[in-house]
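A.B. asks:
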Amino acid sequence: MSNNQRLLPAVVVGLVALVMLLFGLYVWQVMRSPVTASNALVTTADQQQVYRWKMVTTWPKNFPGLGTAPENFARMVNESSNGRLQIKVHGAGELVPALGVFDAVSTGSVESGHGAAYYWKGKIPASPFFTAIPFGMNAQETNGWINAGGGLELWREAYAPFNVVPFAGGNTGVQMAGWYNKRINTIADIKGLKMRIPGMGGEVWSRAGGVAVNIPGGELYTSLQTGVIDATEWVGPYNDLAMGFHQVAKYYYYPGWHEPGAMLEIIVNQDAYNALPEDLKAVVAVAAQATNQMMLDEYTNANNAALKELVENYGVELLELPAEVLNVLKQKADQYYAETAAKDPLFAKVLASYTEFQRNAGNYHRISELAYYHTRETDSQKTD
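In structure tokens form, the structure reads like this:
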């Protein structure tokens, strides 16, 4: 037997012993290391932890469009997170008043809310830009500004001092100009006329001689019926039919100069948001984006059928606001923007971004969207 043959068994035995020794040292190190053991437990716990949020809204629960949007959001979050983030939706007045949503989320008494940014104009003068402003952008343009044009960053800057994180949470598209108990033929006809109209639209209405009133949606029918107000804007045919405004007002005006693309919002308490792991933050963001599109789709589908029902079945008079009235309202809007920008730096910053995006998008849409609408129209389509 050669020397190499005699040494081979010894080498094998030595290698086996060395492997066993190294494995034993590794096991001993793991067992004695509290950091490693702790990290493993944290990972497991994080994967299993269930977060439960309350969401308050400014709408009646399950109200068509407005109220179904937060329900859709909560459902998508619950399903996408496999139950790790569960959101229970509460309608207006169940936990907080309709116009108390922002404060409830800001203070952390609830984790999330669904409403419209222009309701908070008293706290944040620039907030209406993140819903709709008179003679501003439509839904397509607003989504472009928010998602690609810097609007979201400005929105979050505006809300950060209040410990609130905003997300786009739905859009109604171009709204109607509202329901009136008298005809509007000249600008003189709105003098002293009490109208429920929030946000910057209310400021412009008041400057044009009207009286702007901010009333929650659930009180509008009775207020119009009893004469507390002479007119109201709400949304458009889909919601207005459900509200029954045709029973208490005869004249239905268009176009929605004050809300050409009303974007709603999902707001989250900053501390609650920060407490989420990164994958659940992503779930919230994606579910909000889906909700934003789903709501616009719902209104696009439902508005025309509701309008035909209002006109054909209930005899509502559908009227266009006179050009004279719209021109005065536009002038008053421009004056308001200039004056407020001179007093509020954040308002001025948001206004500059908004108007630049609107101008650029509008220039292209004149030769794309608008030109195409004119191109495809036939005489029959114009009257349908």
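When the letters of the sequence shown are read in order and numbered with this note's numbering, they come out as residues 27 to 410. Cβ atoms here follow ideal geometry from the backbone N, Cα and C, with glycine treated the same way.
Relative to the C-alpha of P187, which candidate in D129, D215, S135 and D266 has its C-alpha closest?
C.D. replies: The residue labelled residue 187 in the question sits at position 161 within the sequence shown. Comparing Cα-Cα distances from P187 to each of D129, D215, S135 and D266, the minimum goes to D129.
A.B. asks: Three or more C-beta pairs under 8 Å: does that hold for the stretch 280-294 against the stretch 202-214?
C.D. replies: At 8 Å Cβ cutoff, the stretches touch.
A.B. asks: What residue from Y77, Q74, N88 and P303 has the CA that sits closest to A268's CA?
C.D. replies: Translated into positions along the sequence shown, residue 268 becomes position 242. Among Y77, Q74, N88 and P303, the Cα nearest to that of A268 belongs to N88.
A.B. asks: Is it buried or exposed for G134, if we count other Cβ within 10 angstroms and need 16 for buried?
C.D. replies: Position 108 of the sequence shown, counted from the start, is the residue given in the question as residue 134. Answer is exposed; the Cβ neighbour count stays below 16.
A.B. asks: Hey, out of H116, A100 and V190, whose CA is closest to A316's CA?
C.D. replies: Looking up residue 316 in the sequence shown gives position 290. That would be A100, whose Cα lies nearest to the Cα of A316.
A.B. asks: Quick check: what's the CA-CA separation for M57 versus W85?
C.D. replies: Residue 57 sits at position 31 when you count from the first residue of the sequence shown. Residue 85 sits at position 59 when you count from the first residue of the sequence shown. With a pLDDT of only 38 at M57, under the threshold of 50, the placement of this residue in the model should not be trusted; the figure read from the coordinates follows. Computed Cα separation, rounded: 56 Å.
A.B. asks: Counting Cβ pairs closer than 8 Å, one from the stretch 213-230 and one from the stretch 104-111, do we hit at least three?
C.D. replies: With the cut-off at 8 Å, the stretch 213-230 and the stretch 104-111 do not touch.
A.B. asks: How long is the line joining the alpha carbons of E245 and V274, rounded to whole angstroms?
C.D. replies: Locating residue 245 in the sequence shown gives position 219, counting from the first residue. Locating residue 274 in the sequence shown gives position 248, counting from the first residue. Roughly 13 Å separates the two Cα atoms.
A.B. asks: Which value, in whole angstroms, describes the spacing of the CA atoms of N207 and S394?
C.D. replies: The residue given as residue 207 occupies position 181 in the sequence shown. The residue given as residue 394 occupies position 368 in the sequence shown. The straight-line gap from Cα to Cα measures roughly 38 Å.
A.B. asks: Distance, Cα to Cα, G262 vs Q75?
C.D. replies: For the purposes of this step, residue 262 is taken as the residue at position 236 of the sequence shown. For the purposes of this step, residue 75 is taken as the residue at position 49 of the sequence shown. Computed Cα separation, rounded: 42 Å.
A.B. asks: Under 8 Å between the Cβ atoms of H272 and Y325?
C.D. replies: Counted from its first residue, the sequence shown places residue 272 at position 246. Counted from its first residue, the sequence shown places residue 325 at position 299. No, the pair does not count as a contact, with Cβ atoms beyond the cut-off.
A.B. asks: For M320, which of helix, strand or coil comes out of DSSP?
C.D. replies: The count along the sequence shown starts at 1 and reaches residue 320 at position 294. M320: helix per DSSP, three-state reduction.
A.B. asks: Cα separation between R209 and T248?
C.D. replies: For the purposes of this step, residue 209 is taken as residue 183 along the sequence shown, with counting starting at 1. For the purposes of this step, residue 248 is taken as residue 222 along the sequence shown, with counting starting at 1. If I take the Cα positions, the gap works out to 21 Å.
A.B. asks: Closest by CA to L290, which one among W181, K114 and L355?
C.D. replies: In the sequence shown, counting from the first residue as 1, residue 290 sits at position 264. Closest option to L290, Cα to Cα, is W181.
A.B. asks: Do G195 and A314 have their CB atoms nearer than 8 Å?
C.D. replies: For the purposes of this step, residue 195 is taken as residue 169 along the sequence shown, with counting starting at 1. For the purposes of this step, residue 314 is taken as residue 288 along the sequence shown, with counting starting at 1. In contact: G195 and A314 (Cβ atoms closer than 8 Å).
A.B. asks: Who are the near neighbours of A142 in its chain, counting only those whose CB is closer than 6 Å to its CB and skipping five residues on each side?
C.D. replies: On the sequence shown, position 116 is the one that residue 142 refers to. Hits under 6 Å: T157 and L290.
A.B. asks: For W79, which three-state DSSP category applies?
C.D. replies: To locate residue 79, count along the sequence shown from 1; it is residue 53. Strand, per DSSP.
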